[in-house]
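Structure, as structure tokens:
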Amino acid sequence: MKILVPVKRVLDYNVKPRVKSDGTGVDLANVKMSMNPFDEIGVEEAIRLKEKGIATEIIAVSVGPAKAQETLRTALAMGADRAILVQTDDAVEPLALAKIFKAIADAEQPGLVILGKQAIDDDNNQTGQMLAALTGWAQGTFASAVNVDGDSVNVTREVDGGLETVKLKLPAIVTTDLRLNEPRYASLPNIMKAKSKPLDTKSPADYGVDTAPRVKTVKVSEPPVRSAGVKVADVDELVAKLKALGVHS
Amino acid sequence: MKTLVWVEHDGSAVKDATLAAVTAASKLGEVHLLVAGSGVDGVAKAAAEIAGVGKVHVADNAAFGHNLPENVAPLVAELMASHDAFVAPATTTGKNIAPRVAALLDVMQISEILSVEGPKTFTRPIYAGNAIATVESSDAKLVLTVRGTAFEKAATSGGSGTVEAVSAGGDTGISSFVGAEIAKSERPELTSAKIIVSGGRALGSSEKYEEVIVPLADKLGAALGASRAAVDAGYVPNDYQVGQTGKIVAPQVYFAIGISGAIQHLAGMKDSKTIVAINKDEDAPIFQVADFGLVADLFSAVPELTSRI
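Going line by line, the protein sequences match chains G and R. Note that the numbering used here has the first sequence beginning at 52, numbered continuously upward. Note that the numbering used here has the second sequence beginning at 100, numbered continuously upward.
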């Protein structure tokens, strides 16, 4: 079966986001961008399923600016077979993303779509579930284990109280959580090889999807800052402070 | 505006995060609740007593027993014909269901709201809480998830909602529940605890976590937490994790022990009323948010604190 893996180009997770002084957003000029970490886990999981002989082809897809090609090349270097860039300079909301991925799923007929549970920039945590609704497929979100068994997949999910396992009929949607796997680094030969793997460029209009935003960002501001309190000298002083707060056994 | 709030429950009681969602919904208009599950009469009765609740829709059907979104989302979408906003707690269950509902309604969801600024305007965290966005929906209906620590909990008594059975929906047959490993504990739940004691990588092992962190939590009747580093190192299970990708908490007192204070951890606990940090590295970023910081070796300081408090 084919596996479709959407990937997003985001501000690198090691870079501290700076809110622009005019309150229009977070400054993304001249900062390091990389693949959303949860999407990287999705690419890795797809590659492992191919190594097990379950997947036959991995298609990476990204919706974003021309530079999102770099993110797709990273996926190709890790082990994806081909890539589709749906090029747009507009910010595309999860609902429109899900519509684009639905159109691609209709054309490619994958057995699984593996997405990150959320992108670390807008933290929406929606696209996978929305794609599941639009395709009418089952969803295994926040996955920490994925086991394909014939025409179904068992997905172990990280839920508030612990873990939960669901059995989904294929085709299905999986969204990744942190502990699903540890993504590999692309080797230099594979990075070179990735340059010649096929990468198609499309536009949202090619899929008949209107990406006009439904939600307007009125402003973006810094979170309220919490200032440091006092350093206590020793356990005695800490016990006194805690007792003053009413904290004791 | 008529709101429909998803009631998260354990089969007998309404979970706390729902009460915060009720408070958020009450800022928008009339509050209706949806209790879905198998054998949920007791929950429906409890839900009707929540202060400010108008109607409680009860969908009692085995297909809804494990909150499978494939079965639940069409039910919610059908009920939304007569409601203007769907409101769910931003728990793993709420986050699993709400976007599926939103897409069925062709609505862009607004995730993890922190405040209600207007009938269609909300604030929400982006970039792991490093920025706060004020956003306004232009959709005809709203689908929201609510961060539990950002709203007061509605009172669990004083309400007089009317209970109404819903017959809609059923099993789509594309998914089924296999099993769960839910940690059973006498301790308070992490997301609703008044005091949390969290340990980090500096502990070095699960044995040291047991030896140093657990006794202090026992003495204070506190919930146990951990940093992502401690979870990844295998000291404690994943459901202990506090942080942007784990649980978001805001207790009265949060003890960060041997936790350096990575951005992703701070995002999960910086709204705590009082933060106490114990760390031997005086430059650890955790001290920049701590109300009381103690620079000390945790292996001697924490047992001493436990014996003295």
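Note that beta-carbon positions come from the ideal geometry of N, C-alpha and C, so glycine has one too.
- Fully enclosed beta strand (DSSP E) runs of no fewer than 3 residues occupy 209 to 212, 214 to 217, 220 to 225, 230 to 236, 241 to 245 of the stretch 188 to 259 of chain R, in order along the chain.
- With contacts defined by Cβ atoms closer than 8 Å, residue 156/R and residue 127/R do not form a contacting pair.
- The continuous stretches of beta strand (DSSP E) do not include residue 144/R, which lies in the alpha helix (DSSP H) extending over residues 140 to 147.
- By the rule that beta-carbons nearer than 8 Å mark a contact, residue 300/G touches chain R.
- Taking 8 Å as the CB threshold, residue 342/R stays off the interface with chain G.
- Shown here for residue 134/R: same chain residues with a beta carbon closer than 8 Å to its own, the five before and five after excluded, namely 106, 108, 142, 143, 146, 155, 156, 157, 158 in chain order.
- Distance from the Cα of residue 244/G is smallest, within the candidate group 254/G, 75/G, 200/G, 125/G, for 125/G.
- Annotation: residue 263/R to residue 75/G spans about 45 Å, alpha carbon to alpha carbon.
- Restricting attention to 197/G, 237/G, 247/G, the CA atom closest to the CA of residue 223/G is found in 197/G.
- For the set 103/R, 389/R, 171/R, 402/R, the Cα lying nearest the Cα of residue 268/R is the one of 171/R.
- Neighbours of residue 193/G across chain R, judged by C-beta separation under 7 Å: 191.
- Identification of chain R residues near residue 210/G by a Cβ-Cβ cut-off of 9 Å yields 190, 191, 192, 195, 279, 281, 338, ordered along the chain.
- Contact between residue 219/G and residue 203/G holds, since their C-beta atoms are separated by about 6 Å, short of 8 Å.
- The shortest CA-to-CA distance from residue 281/R to any of 211/G, 275/G, 292/G is the one to 211/G.
- Pairing residue 226/G with residue 179/G gives a Cβ-Cβ distance under 8 Å.
- Counting along the chain, residue 363/R sits inside the alpha helix (DSSP H) bounded by residues 362 to 368.
- With fewer than three CB-CB distances shorter than 8 Å, the stretch 269 to 278 of chain R does not count as touching the stretch 333 to 347 of chain R.
- With respect to the 8 Å criterion, residue 377/R and residue 299/R are not classified as neighbours on the basis of their beta carbons.
- Using a Cβ-Cβ cut-off of 8 Å, residue 233/R counts as an interface residue toward chain G, since at least one Cβ of chain G sits closer than that to its own.
- Between residue 260/R and residue 274/G, the CB-CB gap reaches or exceeds 8 Å.
- Taken in chain order, the unbroken stretches of alpha helix (DSSP H) that lie wholly in the stretch 196 to 269 of chain G and span 4 residues or more are 239 to 245.
- Chain R has no Cβ within less than 8 Å of the Cβ of residue 60/G.
- Residue state for residue 274/R is assigned as strand, using DSSP reduced to three classes.
- Of all C-beta pairs linking the stretch 272 to 289 of chain G to the stretch 383 to 403 of chain R, three or more are shorter than 8 Å, placing the two stretches in contact.
- The CB of residue 218/R never comes closer than 9 Å to any CB in chain G; the least such distance is about 14 Å.
- When the alpha-carbon of residue 217/R is set against those of 337/R, 342/R, 205/R, 123/R, the nearest one is in 123/R.
- Bounds of the beta strand (DSSP E) holding residue 393/R are 391 to 394.
- The C-alpha of residue 73/G lies about 16 Å from the C-alpha of residue 234/R.
- In this structure the stretch 192 to 209 of chain R lies against the stretch 242 to 260 of chain R, because at least three pairs of beta carbons, one per stretch, are closer than 8 Å.
- Under a criterion of Cβ atoms nearer than 9 Å, no residue of chain G is adjacent to residue 270/R; the nearest Cβ is some 12 Å distant.
- Using beta-carbon distances, residue 198/R counts as an interface residue toward chain G, with a partner under 8 Å.
- Short of 8 Å from the beta carbon of residue 308/R, and not among the five residues preceding or following it, lie these beta carbons of its own chain, in chain order: 298, 302, 325, 329, 334, 335.
- Using beta-carbon distances, residue 175/G counts as an interface residue toward chain R, with a partner under 8 Å.
- In this structure, residue 125/R keeps its C-beta atom at 8 Å or more from the C-beta atom of residue 265/G.
- Within the stretch 71 to 97 of chain G, those residues whose Cβ lies closer than 7 Å to any Cβ of chain R are, in chain order, 77.
- Taking a Cβ-Cβ threshold of 7 Å, the residues of chain G close to residue 394/R are 282, in chain order.
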